[in-house]
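Trainee: Residue numbers (the numbering used here): 51 to 400.
Below: one structure in structure tokens.
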């Protein structure tokens, strides 16, 4: 029996474990085990929706593992990863009851999420959002739409926001931000505090502008901490992400793969999206069979939804920055239940 261990069951980990099980690897003498400190998926998607409408966010982005049909043949271990011995092919886990446990593997898939930063509702008279990426833009827009009486300021270091998206995407999103009353402040690079938890201002700028005050500051500057402290430094880059080759294998160790936001595949962390879990499942199967592995194909820009689902529907930007809108009724009755939950996740029980 070949043992495949998926370390981390966030968005990418659930998809990867499900894809491994879907390939009927269990019937081929391969078992799949997943390890997570939680009992269900707590998605990292749609920060703006999570901040402003947590109940609506929970409906689609907080799902018990037992609800995923493709995880039926995955042994889910509820515990926290604390260490690993890659030479012996074991990981150490502290269970939910505090008891230690050692798990062996033949193939290890590292799909741990970024360190958690719980989002808090922006119940303040003025809100400053610091950052220019999709999370910051979505947070600023959704706070402004949810609470029209607030003053919402968005500060970002470059000449425009969404630097990893096509310029047309930023042009379209900027119009929506301004229409919602968000005040834009380009060219502001923040002096980062010791903690990036939401807190009152002021915010100091290394670019020379006067400090900005706000009742609440939301930090979305990309200062992320990968959950990799249980891995040896030899497989990590200088920022703590897992070094990964174009076939998703970790160089220098046999039988270890990495995928998702934790994998240092490219600056966009593209394997967390773009259906790369399918490549991972195919490559794990090829590794077990002794066949050649395929390399991932990564996009040059980010694309997709930026502002998240709204009352009018979901606006999606294609790679060339051109938008198209999916009506809200289609999102609720077709996109989420059929495309996402049934098509992508393989079925989610009520």
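Ideal Cβ placement from N, Cα and C applies to all residues, glycine included.
Nothing here was measured: the structure is a model prediction, and the numbers come from that model.
1) Which value, in whole angstroms, describes the spacing of the CA atoms of residue 91 and residue 259?
2) In angstroms, rounded to a whole number, what distance separates the CA positions of residue 178 and residue 150?
3) Quick check: what's the CA-CA separation for residue 53 versus residue 223?
4) For residue 125 and residue 72, I'd like the C-alpha separation in whole angstroms.
5) Kindly indicate the opening and closing residues of the alpha helix (DSSP H) around residue 399.
6) What are the boundary residues of the beta strand (DSSP E) that residue 114 is part of?
7) What's the C-alpha gap between residue 84 and residue 201?
8) Does residue 358 get closer than 8 Å to chain B when you measure Cβ to Cβ?
9) Residues in its own chain within less than 7 Å of residue 98 by CB, not counting five upstream and five downstream?
10) Report the residue from 156, 162, 113 and 119 whose alpha carbon sits nearest the alpha carbon of residue 322.
11) Alpha carbon to alpha carbon, what distance is there between residue 387 and residue 169?
12) Straight-line CA distance for residue 240 to residue 107?
13) Between which two residues does the alpha helix (DSSP H) carrying residue 223 extend?
14) Could you check what DSSP says for residue 104 in three-state terms: helix, strand or coil?
15) Between which residues of its own chain and residue 89 is the CB-CB distance below 7 Å, once the five residues before and five after are set aside?
16) Quick one, are the C-beta atoms of residue 381 and residue 363 less than 8 Å apart?
17) What is the rounded straight-line gap between the Cα of residue 218 and the Cα of residue 180?
18) Within 10 angstroms of its Cβ, does residue 291 collect 16 or more other Cβ (buried), or is it exposed?
19) Is the beta carbon of residue 233 closer than 8 Å to that of residue 253?
20) Could you work out which residue in 255, 236 and 230 is closest to residue 242 when comparing CA atoms only?
21) Considering only residues of the same chain and omitting the five flanking positions on each side of residue 343, which have a CB-CB separation below 6 Å?
22) Which partner residues of residue 315 appear in the DSSP bridge assignment?
23) Just to confirm, are residue 327 and residue 65 a CB contact at a threshold of 8 Å?
24) Excluding five sequence neighbours on each side, which residues of the same chain lie with their C-beta closer than 8 Å to the C-beta of residue 109?
25) May I have the straight-line CA-CA distance separating residue 157 from residue 81, to the nearest angstrom?
26) To the nearest angstrom, how far is the alpha carbon of residue 203 from that of residue 94?
27) For a quick check, are the C-beta atoms of residue 120 and residue 397 less than 8 Å apart?
28) Which residues does DSSP list as the beta-bridge partners of residue 364?
29) Answer with buried or exposed for residue 87, where buried requires no fewer than 16 other C-beta atoms within 10 angstroms of its C-beta.
30) According to the neighbour-count rule (16 or more other Cβ atoms, all chains shown, within 10 Å of its Cβ), is residue 257 buried or exposed?
31) Are the beta-carbon atoms of residue 194 and residue 230 separated by less than 8 Å?
32) Does residue 211 pass the burial test, meaning 16 or more other C-beta atoms within 10 Å, or should it be called exposed?
Mentor: Reading from the atomic positions:
1) 41 Å
2) 43 Å
3) For residue 53 and residue 223, the distance between alpha carbons rounds to 46 Å.
4) 14 Å
5) No alpha helix (DSSP H) holds residue 399; DSSP gives it neither H nor E.
6) 112 to 114
7) 44 Å
8) Note that chain B does not occur in the displayed structure, where there is just one protein chain.
9) Excluding five sequence positions before and after residue 98, the CB atoms of its chain that fall closer than 7 Å to its own CB belong to 188, 189, 191, 192, 357 and 358, given in chain order.
10) When only C-alpha atoms are compared, the closest one is 162.
11) Note on residue 169: pLDDT 46, under 50, position unreliable in the model; no value is reported.
12) 29 Å
13) The continuous alpha helix (DSSP H) containing residue 223 extends over residues 217 to 229.
14) helix
15) 114, 115 and 128
16) yes
17) So the two alpha carbons sit approximately 22 Å from each other.
18) buried
19) no
20) 255
21) 297, 333 and 336
22) Residue 315 pairs with nothing; no bridge assigned.
23) yes
24) none
25) 10 Å
26) 23 Å
27) yes
28) 376
29) Answer is buried; the Cβ neighbour count reaches 16.
30) exposed
31) Yes. Within cutoff.
32) Residue 211 comes out buried.
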